[in-house]
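Contents: one structure, followed by commentary.
Number of protein chains: 2
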Amino acid sequence: MADGYFGFVMSGVERKSNENFSERLNTGGFRFTPQRQHVYDVVLQKRDHPTAEEIFIRTKKTMPKISHATVYNCLDALVKCGLVRQVQLERGATRFCPNMEEHCHYYCDSCGEVFDVALPTDSTVMPRPKGFKVDHYDIAVHGICAECAKKK
Amino acid sequence: MADGYFGFVMSGVERKSNENFSERLNTGGFRFTPQRQHVYDVVLQKRDHPTAEEIFIRTKKTMPKISHATVYNCLDALVKCGLVRQVQLERGATRFCPNMEEHCHYYCDSCGEVFDVALPTDSTVMPRPKGFKVDHYDIAVHGICAECAKKK
DNA sequence: CACCAATTTAGAATTATTCTAAATCTTGAC
DNA sequence: GTCAAGATTTAGAATAATTCTAAATTGGTG
Chain A
614 MADGYFGFVM SGVERKSNEN FSERLNTGGF RFTPQRQHVY DVVLQKRDHP
664 TAEEIFIRTK KTMPKISHAT VYNCLDALVK CGLVRQVQLE RGATRFCPNM
714 EEHCHYYCDS CGEVFDVALP TDSTVMPRPK GFKVDHYDIA VHGICAECAK
764 KK
Chain B
614 MADGYFGFVM SGVERKSNEN FSERLNTGGF RFTPQRQHVY DVVLQKRDHP
664 TAEEIFIRTK KTMPKISHAT VYNCLDALVK CGLVRQVQLE RGATRFCPNM
714 EEHCHYYCDS CGEVFDVALP TDSTVMPRPK GFKVDHYDIA VHGICAECAK
764 KK
């Protein structure tokens, strides 16, 4: 059980600026493409945890010919490179988040709003299955946000 | 394998639930139906975090006329009654889990296996948005299980 | 038993994601 | 710069996951 405890200390992926974008893709075994740049820009621009569909619509504004499949391809590449996180909050569409800091998602089951909250570096100690190699944590907290709570 | 961390730990709530099943539904504003009983039995029977589709197939064995929509309806009712949890681990189908203890899911991104791990009762209080009323936590830990790690 | 509302049903519809095959790019070698 | 090889994009089809629909059935209540 000695190695059975583990903190929320993740393989921290530091936020890097746009200059390293291409390099970042290469390291992950991907090529730079304008589509990936545009999709990444869109996700960075409005950090509201959009779905692939929403990202598709937003990306079309600056790149009208981009296709659905490409958006998925780009998002997959970005996720694999550690530039974007995939967030599963409820049934239905997956959402995406460019905040690579250690954080969890507070999700309002009433209005659907998502709040990022940074995790304390020394937060919780969790037991884990023997030999399990942790890649990352996905922590979602469901409930009702202050706004919605007021309305009831 | 360290017993107690890998195994499915029966909680008091679960043990009682069969006798109280109907009552539990009523409290949640739902009626007892044989379909709900069958679906619940199926989920309790093999605790491998099945998808709605898998539950549909398994339930058909004892109730061949049950429909797809009914399985979704039943699962939704069970989730709302606090008899079953909905688990979102990756893109694609939602999974279901009858373990109502406070626990997290270790998910092997390689083979897809899911391990339930009980959370320490004294888990740290996490910072949260002001006024947010917490309903429940969904904690998933992604990585590679011992089996899969060995193969590489 | 009779009533009303909840539930079930089959199948259609919708939503989310993946696949396909041809066209087009990106990269590295020359 | 040109070229080839392989990665990527594209539109649209295909599949998967979930929700909707409207009619039939059922459960609980009086």
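Quick note, the sequences are listed as chains A and B, same order. Its first residue numbered 614, the first sequence is counted upward by one per residue in our numbering. Its first residue numbered 614, the second sequence is counted upward by one per residue in our numbering. Yeah, the Cβ is synthetic: ideal placement off N, Cα and C, and Gly gets one too. Model, not experiment: these values are computed from the prediction.
- Message: Residues in the same chain with beta-carbon distance under 6 Å from Lys693 of chain A, minus the five sequence neighbours each way, listed in chain order, please.
- Response: If you number the first sequence from 1, residue 693 of chain A lands on position 80. Here Lys693 of chain A has Gly641 as same chain residues with Cβ atoms under 6 Å from its own Cβ, once five neighbours each way along the sequence are excluded.
- Message: So with CB distances below 8 Å, who are the chain A contacts of Ile757 of chain B?
- Response: Sequence index remark: in the second sequence, residue 757 of chain B carries index 144 (1-based). In chain order: Phe745, Lys746 and Asp748.
- Task: Could you name the residues of chain A that Leu702 of chain B contacts, counting a contact when the two beta carbons are closer than 9 Å?
- Result: Residue 702 of chain B sits at position 89 when you count from the first residue of the second sequence. Ordered by position in chain A, the residues that pass the 9 Å Cβ test against Leu702 of chain B are Gln701 and Asp751.
- Task: To the nearest angstrom, report how far apart Ser680 of chain A and Phe669 of chain A are at their CA atoms.
- Result: Counted from its first residue, the first sequence places residue 680 of chain A at position 67. Counted from its first residue, the first sequence places residue 669 of chain A at position 56. Ser680 of chain A and Phe669 of chain A: Cα-Cα distance of roughly 8 Å.
- Message: When you compare the CB of Thr683 of chain B with every CB in chain A, is at least one pair closer than 8 Å?
- Response: Here residue 683 of chain B refers to the residue found at position 70 when the second sequence is read from its first residue. So no, Thr683 of chain B is outside the interface.
- Query: When the Cα atoms are used, what is the spatial distance from Cys717 of chain A to Ala690 of chain B?
  - Reply: Here residue 717 of chain A corresponds to residue number 104 of the first sequence, with the count starting at 1. Here residue 690 of chain B corresponds to residue number 77 of the second sequence, with the count starting at 1. Linking Cys717 of chain A to Ala690 of chain B through their CA atoms gives a straight-line distance of about 27 Å.
- Task: Along the beta strand (DSSP E) that carries Val730 of chain B, what are the first and last residues, could you check?
- Result: By 1-based counting over the second sequence, the position of residue 730 of chain B is 117. Start and end: Val727 to Ala731.
- Message: Within 10 Å of its beta-carbon, does Gly705 of chain B have 16 or more other beta-carbons around it, so buried, or fewer, so exposed?
- Response: By one-based count along the second sequence, residue 705 of chain B stands at place 92. Exposed, because fewer than 16 other Cβ atoms sit within 10 Å of the Cβ of Gly705 of chain B.
- Message: the ligand ADP and Cys724 of chain B: does any heavy atom of the ligand fall closer than 7 Å to the residue's C-beta?
- Response: Of the ligands one can find in the structure shown there are none, so the ligand ADP has no counterpart to examine.
- Item | Proximal residues of chain B, C-beta to C-beta of Asp722 of chain A below 8 Å | Here residue 722 of chain A is taken as the residue at index 109 of the first sequence, counted from 1. Those are Asp748, listed as they occur along chain B.
- If we ignore side chains and look at the alpha-carbon of each, how far apart do Met739 of chain A and Gln701 of chain A end up? Counting from one through the first sequence, the residue named residue 739 of chain A turns up at place 126. Counting from one through the first sequence, the residue named residue 701 of chain A turns up at place 88. Approximately 21 Å, taken between the alpha carbons.
- Query: Would the stretch 645-662 of chain B and the stretch 747-765 of chain A be scored as touching if the rule is three or more Cβ pairs under 8 Å?
  - Reply: Inter-segment contact for the stretch 645-662 of chain B and the stretch 747-765 of chain A is absent: fewer than three beta-carbon pairs are separated by less than 8 Å.
- Item | Environment of Thr707 of chain B [buried if 16+ CB atoms lie within 10 Å] | Residue mapping note: residue 707 of chain B aligns to position 94 of the second sequence, counting from 1. Thr707 of chain B comes out buried.
- Message: Taking CB distances under 8 Å as the criterion, tell me whether Leu836 of chain A reaches chain B.
- Response: Since the displayed chain A opens at 614 and closes at 765, residue 836 of chain A lies outside it and no answer follows.
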